[in-house]
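First up is the structure itself, then whatever we jot down about it.
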Amino acid sequence: MDGQENEQHGNRDEDVPVTGPAPRPAPRRGGADRTGRRALRATGWTLAVLVVALVGVVIGVLAGGRVSTDIGPFQADLSVAPAWGGGTTVDIPPLGALLLDSHDGPTHLTVELGALDQSRTEALLDDPASINRASQSAVDDVREGVLRLGLRTLASTVLVTLLLALLLFRDTRRAAWAGGLALVITAASLGTAAATIRPESIEEPRYEGLLVNAPAIVGDARRIANDYTRYAEQLQRIVGNVSQLYTTVSSLPVYEPAPGTTRVLHVSDMHLNPTGWQLIRTVVEQFGIDVVIDTGDITDWGSEPEASYVGSIGLLRKPYVYIRGNHDSGRTAAAVARQPNAIVLSNTTTTVAGLTIAGIGDPRFTPDKNTSPAGSGLTQQTADQLIGVGDQLAATVRSSPRPVNIALVHDPASAGPLSGACPLVLAGHTHARQVSKLPEVPGKGPTQLMVQGSTGGAGLRGLEGEKPTPLSMTVLYFDKDKLLQAYDDITVGGTGQAQVNLERHVVEDPKAGAPVPVTPTPTR
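Structure representation (structure tokens):
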């Protein structure tokens, strides 16, 4: 009984409800860990999306941030790349580059100028008015190219980022977030560049490569442009004054050209100055020129666009005998040879208007912005080259079946070996007129050297100094025996100067070749 009772009591004890507050359950540590891991995982995915977006932006910019466009006559490649300091690089191969502080932000623009489009270049040079139109349209070309570049860069970065995110995450939502983030980053970078653009930076570039010397060589481009505008305004007065020279010359009692006299116009070192052609045409017409002789440097760089400059040769309608200068390329010589009235001499001879002329081109090709003779660099090796071509031409002169009346070299340093080979040597290159006799060779006749100044006034570089380089040319008079009887040195003042001077020189003994200067005759 007691056991049963105890058992019953025990059972009753178990059935008795417990009064009072229920005990609080112990906290579970596993739930907090799961929450922390979830937050850490979310942060990791966010960072991963950000990293993927940044990587996608960089790859997209490098892969797709490039367009090709036409800027004036140039074919150009525009590209954008990530950078800390912004800015723009204009590559002009093989000359170097211009570095412009054009904008801020993490994007750097590169403009690489490529080949010239021949048809557009020819149209540009054939129509002077098109130069102004081209300068205006070039700005629009650049603006359109940059806009296309920006849109292409945005599309490329978003596309690359989406593909990269899908490949790594295999989740469309995360890929969408990465693509949107890439769009924001790229748009913000390009927007910063657009908002901070500095157009005036083009006036203060830094230079790399061969262009390092460009500021010193070219000088103040604005001043040159202004000077050349004044130069063009003076042109009509200059040409009018040149037209008076023929009357002045005819009235001089000192020398009267006899019937059968051959008149030769010697020009040199035009250096792309368009004014020179108008003066040459005027002198050819007024003086009744039979032959024009050009001793080289008709261009500055010898490039393909410059070749159109020689098209004015055909307008002269007179034989035009030419040798290549150190600024003229083989392409330049070929362009001259294509003119219907031109004769290019390359260690060869020709007979024109009864005169037998031999000529050889300069052995150097040194195209640069500095058209002065000092820019050619006269080293011992160069001196040997120059003397060498003189020797070659002398051998050609001596082997000629007809006696050579005139020999042509570009640099007077090549004239020495021609002493005694012919009576007259014409040269240029120095931009300074000079007449002298070469050292005589025993048993040979005397040889006179006549060095011409610059018919183009040294090109635009002639406008840099306070006193612009004058335009100069010489009319040579040969008698029926093809001996030099007299010559007229014509000098036309430079920018802002409408003065034209004539100096007549009469050769008393043509066989001796000694010039006797006569008092210069100025023409207002």
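Those letters in the sequence shown? Residues 1 to 524, per my numbering, in order. In this text, a Cβ means the ideal position worked out from N, Cα and C, and glycines have one as well. Since this is a predicted model, take the numbers as computed values, not measurements.
ask   = Can you check whether the CB of residue 482 is closer than 8 Å to the CB of residue 355?
value = Stepping through the sequence shown from its first residue, residue 355 is reached at position 355. Stepping through the sequence shown from its first residue, residue 482 is reached at position 482. Closer than 8 Å, so yes.
- Taking all protein chains shown into account, decide if residue 486 is buried (16 or more other Cβ within 10 angstroms of its Cβ) or exposed. In the sequence shown, residue 486 corresponds to position 486, counting from 1. Buried.
Open item on the list: Could you check whether residue 297 and residue 327 sit closer than 8 Å to each other, using their CB atoms as the reference points?
Closed with: Locating residue 327 in the sequence shown gives position 327, where the first residue counts as 1. Locating residue 297 in the sequence shown gives position 297, where the first residue counts as 1. Yes.
Go ahead and pull the three-state DSSP assignment for residue 359. The residue labelled residue 359 in the question sits at position 359 within the sequence shown. In the structure shown, residue 359 sits in a strand (DSSP, three-state: E or B).
Worksheet item: What is the DSSP secondary structure of residue 504, reduced to helix, strand or coil?
Response: Translated into positions along the sequence shown, residue 504 becomes position 504. In the structure shown, residue 504 sits in a strand (DSSP, three-state: E or B).
For residue 340, does the count of other Cβ atoms within 10 angstroms reach 16, so buried, or fall short, so exposed?
Numbered from its first residue, the sequence shown carries residue 340 at position 340. Exposed.
Exercise. Quick one: any contact between the segment 255 to 269 and the segment 282 to 292, if contact means 3 or more CB pairs under 8 Å?
Worked result: Enough Cβ pairs lie closer than 8 Å, so yes.
Should the segment 381 to 393 be called in touch with the segment 429 to 445, which here means at least 3 C-beta pairs below 8 Å?
No, the segment 381 to 393 does not touch the segment 429 to 445.
**Report entry** Backbone CA spacing between residue 427 and residue 352 [nearest angstrom]
**Finding:** Position 427 of the sequence shown holds residue 427. Position 352 of the sequence shown holds residue 352. When only Cα atoms are considered, residue 427 and residue 352 end up about 18 Å apart.
field: Bridge partner(s) assigned by DSSP for residue 266
entry: Start at 1 with the first residue of the sequence shown, and residue 266 comes out as number 266. When beta bridges are read from the DSSP output, residue 266 appears opposite 293, 474.
Notebook entry, point to check: Nearest-angstrom Cα distance between residue 336 and residue 102?
Noted result: The residue given as residue 336 occupies position 336 in the sequence shown. The residue given as residue 102 occupies position 102 in the sequence shown. Straight through space, the alpha carbons of residue 102 and residue 336 are spaced by roughly 42 Å.
So who's on the other strand from residue 66, going by DSSP bridges?
The residue given as residue 66 occupies position 66 in the sequence shown. Looking at the DSSP output, residue 66 bridges to 79.
**Item:** For residue 409, the three-state DSSP class (helix, strand or coil)
**Value:** What you label residue 409 is simply residue 409 of the sequence shown in a count that begins at 1. Looking at residue 409 - three-state DSSP - the assignment turns out to be coil, as it is neither helix nor strand.
**Prompt:** If we count Cβ pairs, one from each stretch, closer than 8 Å, do we get three or more for the segment 172 to 182 versus the segment 49 to 64?
**Reply:** Contact holds: three or more Cβ-Cβ distances are below 8 Å.
Margin query: Given this structure, state the Cα-to-Cα distance separating residue 306 from residue 277, to the nearest angstrom.
Written below: Looking up residue 306 in the sequence shown gives position 306. Looking up residue 277 in the sequence shown gives position 277. Our two residues, residue 306 and residue 277, have alpha carbons roughly 14 Å apart in a direct line.
C-alpha distance - residue 525 paired with residue 412, whole-angstrom precision = This structure cannot speak to residue 525, because the chain is shown only from 1 to 524.
* Asked: Relative to the C-alpha of residue 301, which residue among 85, 317, 319, 324 is closest?
  -> Position 301 of the sequence shown, counting from 1, holds the residue named residue 301. Nearest C-alpha to residue 301: 324.
Query raised in the report: Do residue 475 and residue 490 have their C-beta atoms within less than 8 Å of each other?
Result: Numbered from 1 along the sequence shown, position 475 holds the residue referred to as residue 475. Numbered from 1 along the sequence shown, position 490 holds the residue referred to as residue 490. Contact: yes.
Notebook entry, point to check: In whole angstroms, what is the alpha-carbon distance linking residue 455 and residue 269?
Noted result: Taking the first residue of the sequence shown as position 1, residue 455 is located at position 455. Taking the first residue of the sequence shown as position 1, residue 269 is located at position 269. Cα to Cα, residue 455 sits roughly 6 Å from residue 269.
Residues bridged to residue 437 (per DSSP)
Indexing the sequence shown from 1 puts residue 437 at position 437. DSSP lists 448 as partners of residue 437.
Check your understanding: Per DSSP, what kind of secondary structure is residue 490 in: helix, strand or coil?
Key -> Counting from one through the sequence shown, the residue named residue 490 turns up at place 490. Three-state DSSP puts residue 490 in a strand.
Between which two residues does the beta strand (DSSP E) containing residue 425 stretch? Residue 425 sits at position 425 when you count from the first residue of the sequence shown. Note, residue 425: beta strand (DSSP E), 424 to 427.
Exercise for the section: Would you identify the three-state DSSP class for residue 342, choosing helix, strand or coil? Expected result: Stepping through the sequence shown from its first residue, residue 342 is reached at position 342. It is a strand residue.
Next item on the list: Check the DSSP bridge columns for residue 322 and list the partner residues they point to.
Entry: Looking up residue 322 in the sequence shown gives position 322. 294, 344, per the DSSP bridge assignment.
* Do you know how far the Cα of residue 81 is from the Cα of residue 62? -> What you label residue 62 is simply residue 62 of the sequence shown in a count that begins at 1. What you label residue 81 is simply residue 81 of the sequence shown in a count that begins at 1. Residue 62 and residue 81 have their alpha carbons spaced roughly 6 Å apart.
Check: What residue range is occupied by the uninterrupted alpha helix (DSSP H) comprising residue 310?
Finding: In the sequence shown, residue 310 corresponds to position 310, counting from 1. Looking at the DSSP string, residue 310 is not in any alpha helix (DSSP H), and its letter there is neither H nor E.
Per-residue DSSP class, three states only, for residue 509 = Position 509 of the sequence shown, counting from 1, holds the residue named residue 509. In the structure shown, residue 509 falls within a strand segment according to DSSP collapsed to helix, strand and coil.
Report task. Tell whether a beta-carbon distance below 8 Å holds between residue 187 and residue 175. Result -> The residue labelled residue 187 in the question sits at position 187 within the sequence shown. The residue labelled residue 175 in the question sits at position 175 within the sequence shown. The answer is no: Cβ separation not under 8 Å.
| Cβ pair residue 321, residue 350 closer than 8 Å | Within the sequence shown, residue 321 is the residue found at index 321, counting from 1. Within the sequence shown, residue 350 is the residue found at index 350, counting from 1. Against a cut-off of 8 Å, the Cβ pair of residue 350 and residue 321 comes out as a contact.
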